[in-house]
Amino acid sequence: MSFYEDIIPQVYEITWMSGHIETVIAHQVTHSALRQAVARIEGGGFATAGEGQRVKFHAEVDGKWTLQLSALEQDIRTIRNVTVGEQAPGGAA
């Protein structure tokens with residue numbers, strides 16, 4: 001028995017900077033923002049590099065933890081959780 005056996009995966013809609021829209025089904029989404037590269041710059045200062053950070057989508061498929069998608073953050077315009085569809089503010093009218 002696995003941890004995710006009784007957990008329904010979430011459905012995410014990714015809009016790429018190119019305008020292409022893609023759907024990914026995943027149990028977990030991670031972001032590498034906490035792992036920033038630090039570089040020394042001229043004059044003795046330091047800078048952090050934000051480029052090259054990745055967003056990763058993982059799911060359990062047939063009992064195995066699987067990487068569904070790994071993308072550079074700078075290539076993604078938006079990520080939306082659309083598991084339950086569109087929701088109107090204030091509830092149904």
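Using the UniProt record's numbering, you'd call the opening residue of the sequence shown number 1 and step up by one each time.
Glycine residues also receive a C-beta, built at the ideal position from the N, C-alpha and C atoms.
So residue i and residue j are supposed to be a Cβ contact under 8 Å. How far apart are they, rounded?
i: Y12; j: R54; result: Going by Cβ atoms, the distance from Y12 to R54 rounds to 15 Å, so no, they are not a contact pair.
i: V29; j: I14; result: About 10 Å; that fails the 8 Å criterion.
Run through DSSP, which three-state label would residue i get?
i: Q53; result: coil
i: S32; result: helix
i: E73; result: helix
i: E60; result: strand
Do residue j and residue i have their beta-carbon atoms positioned less than 7 Å apart in this structure?
i: H27; j: A59; result: yes
If you drop the 5 nearest sequence neighbours on each side, which residues of the same chain put their C-beta closer than 8 Å to that of residue i?
i: residue 99; result: No answer is possible for residue 99: it lies beyond the span of the chain, which begins at 1 and ends at 93.
With a CB to CB cut of under 7 Å and the five nearest residues on each side skipped, what residues in its chain are close to residue i?
i: W65; result: H58
i: D75; result: W16 and M17
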